[in-house]
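Quick notes on the structure that follows.
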């Protein structure tokens, strides 16, 4: 295969030209292997964030940059489509910039803490711009169900490798919990972020085996030990939000469609057993059980019970453009009278956007988010069944108790949910694929479009 620019052709996903009365052979454009494997590298790197590193840039940020630098090799394949959600996210970035510029004159909370407002805001904006570009390119690539399936396999594989690290004693990190017990992660990662990523890997693997198209491996039960490992790893993090997010992602898989009643019952039983495994394992852990008990009976939410009311009050004081990115965190720290952690995170995606950019940024951000949710819901009768919606619930539920707005996983799942709406038919849904057009008769453009979307192979 020749690597480089290609001759102009139909955009990825566009119907091939058809001559009336003639059966047209469908030509599937090959995806440049550099683009393909750069995208795979980005997906594989997601579980391997390394906070305790000596270099200034996070690993997924580096791999995302590599992927974006590779996309010019096949611009039309990566950027031909511009979904409405992308437009809303760009409007959010504009509101981010306006809020940052306006609040630069009033960033008293940041100045009090001797922090560089301009440097921190620029860094955060660069990260958000990067993930929005990744969202755009991923949305176009994931138009192909085969690309999406490959992507989920890579994510599940990466999460499996990451889950094995503490088990093997490699880069194991543990944090003692007040009252006894510990929270186990790897590479010095944040336990809540690790739980979200591993929960996504759990749901992706289970969905690949039982909820979408053909199973990943046969017999299906061969992946049971890996699924159990991922579930145990989520519980070991001690993250209540991560465990709840995993449960939220498993619920839709209980109701995924199937060709027969038996398959529907089987899928529901498998998902119910997975939920039961997580609940049982969490209950067996003294530290996890105690943390849930404290949350339910005493309202102890690791400081969130103080953070959320303060953020709502801040939003009421500056409803239009907020307190400015980064400055909202320092302002929150002052209001909570923090002596050690001067800068406090919102621990909620919506409250982070609302307090930093006000309604000017929240409205377009939620509009884009809503379109991705609608796309994932409409895809439930497609080739991947409820899996796109299930993964979306995982990351959104995790972001209700955390703030991972610059997470590559969040934006990858958003792109997958939106792109999955275009998948036609599907074995998982029980909807038979359209019959092939007989020779000598016109071939429908929709059939051609489907074939082009599934182009994920090289010469």
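Numbering (our numbering), first residue to last: 15 to 473.
A virtual CB, placed ideally from N, CA and C, is assigned to each residue, including glycine.
Keep in mind it's a predicted model, so treat the numbers as computed, not measured.
Own chain residues within Cβ distance below 7 Å of residue i, not counting five before or after
{"i": "residue 256", "result": "206, 209, 210, 213, 248 and 412"}
{"i": "residue 320", "result": "350"}
{"i": "residue 437", "result": "159, 393, 396, 397 and 398"}
{"i": "residue 279", "result": "none"}
{"i": "residue 53", "result": "81 and 155"}
{"i": "residue 381", "result": "102"}
{"i": "residue 409", "result": "210, 214, 423, 424 and 427"}
Beta-bridge partners of residue i, as assigned by DSSP
{"i": "residue 196", "result": "190"}
Span separating the alpha-carbon of residue i from that of residue j
{"i": "residue 303", "j": "residue 290", "result": "15 Å"}
{"i": "residue 57", "j": "residue 165", "result": "7 Å"}
{"i": "residue 153", "j": "residue 265", "result": "25 Å"}
{"i": "residue 238", "j": "residue 284", "result": "11 Å"}
{"i": "residue 423", "j": "residue 243", "result": "20 Å"}
{"i": "residue 118", "j": "residue 199", "result": "37 Å"}
{"i": "residue 67", "j": "residue 49", "result": "27 Å"}
{"i": "residue 51", "j": "residue 362", "result": "33 Å"}
{"i": "residue 344", "j": "residue 313", "result": "25 Å"}
{"i": "residue 139", "j": "residue 335", "result": "16 Å"}
{"i": "residue 297", "j": "residue 433", "result": "37 Å"}
{"i": "residue 425", "j": "residue 148", "result": "7 Å"}
{"i": "residue 316", "j": "residue 323", "result": "14 Å"}
{"i": "residue 252", "j": "residue 86", "result": "42 Å"}
{"i": "residue 63", "j": "residue 204", "result": "9 Å"}
{"i": "residue 300", "j": "residue 373", "result": "42 Å"}
{"i": "residue 416", "j": "residue 365", "result": "10 Å"}
{"i": "residue 78", "j": "residue 420", "result": "12 Å"}
{"i": "residue 183", "j": "residue 294", "result": "25 Å"}
{"i": "residue 107", "j": "residue 84", "result": "23 Å"}
{"i": "residue 435", "j": "residue 428", "result": "12 Å"}
{"i": "residue 130", "j": "residue 353", "result": "19 Å"}
{"i": "residue 391", "j": "residue 231", "result": "26 Å"}
{"i": "residue 341", "j": "residue 116", "result": "12 Å"}
{"i": "residue 151", "j": "residue 311", "result": "45 Å"}
{"i": "residue 240", "j": "residue 161", "result": "23 Å"}
{"i": "residue 406", "j": "residue 267", "result": "12 Å"}
{"i": "residue 403", "j": "residue 431", "result": "6 Å"}
{"i": "residue 55", "j": "residue 333", "result": "40 Å"}
{"i": "residue 60", "j": "residue 146", "result": "16 Å"}
{"i": "residue 157", "j": "residue 141", "result": "24 Å"}
{"i": "residue 359", "j": "residue 112", "result": "21 Å"}
Beta-carbon proximity list for residue i, same chain, < 6 Å, skipping 5 on both sides
{"i": "residue 449", "result": "Because the pLDDT at residue 449 is just 40, under 50, the model does not fix this residue reliably, and the point stays unresolved."}
{"i": "residue 287", "result": "none"}
{"i": "residue 95", "result": "154"}
{"i": "residue 114", "result": "135, 338 and 339"}
{"i": "residue 357", "result": "343, 344 and 347"}
{"i": "residue 185", "result": "179, 200 and 201"}
{"i": "residue 143", "result": "none"}
The alpha helix (DSSP H) enclosing residue i, as first and last residue numbers
{"i": "residue 328", "result": "318–331"}
{"i": "residue 208", "result": "205–224"}
{"i": "residue 139", "result": "131–155"}
{"i": "residue 65", "result": "Per DSSP, residue 65 belongs to no alpha helix (DSSP H) and is neither H nor E."}
{"i": "residue 430", "result": "422–433"}
{"i": "residue 401", "result": "401–412"}
{"i": "residue 293", "result": "275–298"}
{"i": "residue 355", "result": "Taken as a continuous stretch (DSSP letters only), residue 355 belongs to no alpha helix (DSSP H), as it is neither H nor E."}
{"i": "residue 345", "result": "341–349"}
{"i": "residue 366", "result": "363–392"}
{"i": "residue 109", "result": "98–117"}
{"i": "residue 95", "result": "First-last for residue 95: undefined, no H or E at that position."}
{"i": "residue 163", "result": "159–182"}
{"i": "residue 239", "result": "238–250"}
{"i": "residue 59", "result": "47–59"}
{"i": "residue 75", "result": "73–84"}
{"i": "residue 257", "result": "254–267"}
Cβ shell of residue i (< 8 Å), same chain only, five flanking positions each side left out
{"i": "residue 292", "result": "245, 248, 249, 257, 260, 261 and 264"}
{"i": "residue 132", "result": "118"}
{"i": "residue 229", "result": "222 and 223"}
{"i": "residue 254", "result": "302, 305, 306, 309 and 415"}
{"i": "residue 269", "result": "282 and 400"}
{"i": "residue 39", "result": "Any reading at residue 39 must be qualified, since the residue scores a pLDDT of 35, below 50, and its modelled position is unreliable; no value is offered."}
{"i": "residue 235", "result": "none"}
Residue i Cβ short of 7 Å to the ligand MN heavy atom set
{"i": "residue 231", "result": "You won't find the ligand MN in this model; it holds no ligand whatsoever."}
Closer than 8 Å to chain C by CB, residue i
{"i": "residue 174", "result": "In summary, chain C is missing from the structure at hand, where a single protein chain is found."}
*Are the region 366–375 and the region 320–333 touching by the rule of at least three beta carbon pairs closer than 8 Å?*
Three or more Cβ pairs closer than 8 Å define a contact, and the region 366–375 meets that threshold against the region 320–333.
_contact_flag[the region 93–113, the region 378–398] where n(CB pairs < 8 Å) is 3 or more_ = At 8 Å Cβ cutoff, the stretches touch.
*Are at least three pairs of beta-carbons, each pair with one atom in the region 213–223 and one in the region 163–171, less than 8 Å apart?*
Remark: three or more beta-carbon pairs, one from each stretch, lie closer than 8 Å, so the region 213–223 and the region 163–171 are flagged as touching.
*Is the region 81–92 in contact with the region 371–380, if contact means three or more CB pairs nearer than 8 Å?*
Because the criterion of three Cβ pairs below 8 Å is not met, the region 81–92 and the region 371–380 do not touch.
_Stretch pair the region 342–360 + the region 65–76: three plus CB contacts closer than 8 Å_ = They do not touch, by the three-pair rule.
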